[in-house]
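Per the numbering used here, the sequence shown starts with residue 3, numbered consecutively. Heads up, the beta-carbon is just placed ideally off N, CA and C, and yes, glycines get one too.
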Amino acid sequence: MAKTPKKEYCYLNGKIIPVNDAKIPVIDIGVLRGYGIFDSVAGIDDRIVFFDEHYKRFETSAKIMRLKIPLKKGEIKKIIEGLLKRNGYRLSKIRLVLTGGKTIGSLDFDRRSENFFILAEKTELPPKDSYTRGVKLITAEYEREIPRAKSNDYVAAVYLQPSQKKAGATEILYTFRGNVLEATTSNFFIIKGNKLITAKDGILFGITRDKVIGLAKRSMDVEERIVKTSEFKAADEAFITSTYKKVMPVVKIDNLIIGNGKVGPKTRLLMQRYNELEQK
Ligand code: PMP
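Put into structure tokens, the structure is as follows:
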């Protein structure tokens, strides 16, 4: 693992400090029981990409998980902008993390002792050939516990990393009881004829998903609904979307080739439209 550079700073409970000095108590229910939420935002130089949308989702996650965000939106934005300037990376992976706080007994916690921190780490774009040649996914039978909330629980995704690596896959596509949901850190779409189809339940509402649906509506029919696994087997094109992967074409799922195995024209158009939107 790459060593965190000494000069990388983060925010923790009111202070801007070096990441290596940032510590939270071992009795936090986030540590003991995994109870907490986060959101992940891209930074380009000192610009936060789609901040309003990410903040709104962070608020939604907090509400669903009955957590209170200790700062106001404007304060959080200022802190992030300060971190981006201070760390000075071209591309940053900004993570807002809110834990429950001090554990009481076994399963309860003190609701006024949350830990709130913000990381702004260096990141890079995925390899170019992910976009020119497309990527592979493997499937696993799983649905995230509270799909609408971006909770810190990614146990299944972490557990499955060795299988993902062994298969040479970019992500794991979650299927559940015959339906296709989402991938480990992205949303999943198929194209059939002029239709763009994606799941509506059992998923996290991705910010990129929402933008891509808006862009697709200019020239395609969009269906947000239950998607059967049999449908991806018959798809013309498929892709995943996420903050860091943007629109990434999928050409293989397990041993199945999607369409003709090449990046399709409709996916390419959406890739282009999304990249333009992100630059604005
Ligand atoms: N689903 C899950 C489970 C995720 O972790 C992510 C990444 N945040 C997404 C979907 C895609 O969301 P976004 O487009 O906001 O990055």
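Which residues mark the beginning and the end of the alpha helix (DSSP H) in which arginine 97 is found?
Here arginine 97 belongs to no alpha helix (DSSP H); instead the beta strand (DSSP E) covers 93-101.
Which of the three DSSP states is assigned to methionine 273 in this structure?
helix
When you compare the CB positions of glutamate 123 and lysine 95, do they come within less than 8 Å of one another, or not?
yes
Within a Cβ cutoff of 6 Å, which residues of the same chain sit near isoleucine 71, ignoring the five residues on either side of it in sequence?
Ala64
Specify the secondary structure class of alanine 240 as computed by DSSP and reduced to three states.
strand
Where lysine 248 and tyrosine 13 are concerned, what is the direct C-alpha to C-alpha distance, given to the nearest angstrom?
Approximately 26 Å, taken between the alpha carbons.
Apart from the five residues on each side of it in sequence, which residues of its chain come closer than 7 Å, Cβ to Cβ, to serine 115?
Gly103 and Lys104
Just to check, is the beta-carbon of leucine 98 closer than 7 Å to a non-hydrogen atom of the ligand PMP?
no
Looking only at its own chain, which residues have a Cβ that is under 7 Å from the Cβ of valine 224, when we skip the five neighbours before and after it?
Leu198, Ile215 and Ala218
Based on Cα-Cα distance, which residue from Lys138, Glu126, Arg227 and Leu109 lies nearest to glycine 45?
Glu126
So the alpha helix (DSSP H) glutamate 233 belongs to, where does it begin and stop?
231-235
Does DSSP put phenylalanine 52 in a helix, a strand or coil?
In the structure shown, phenylalanine 52 sits in coil (DSSP, three-state: anything other than H, G, I, E or B).
Starting from lysine 152 and walking both ways along the alpha helix (DSSP H), at which residues does that stretch end?
Run containing lysine 152: none; DSSP gives neither H nor E here.
Taking tyrosine 37 as part of the beta strand (DSSP E), name the residues at either end of that continuous run.
Element bounds for tyrosine 37: n/a, residue is neither H nor E.
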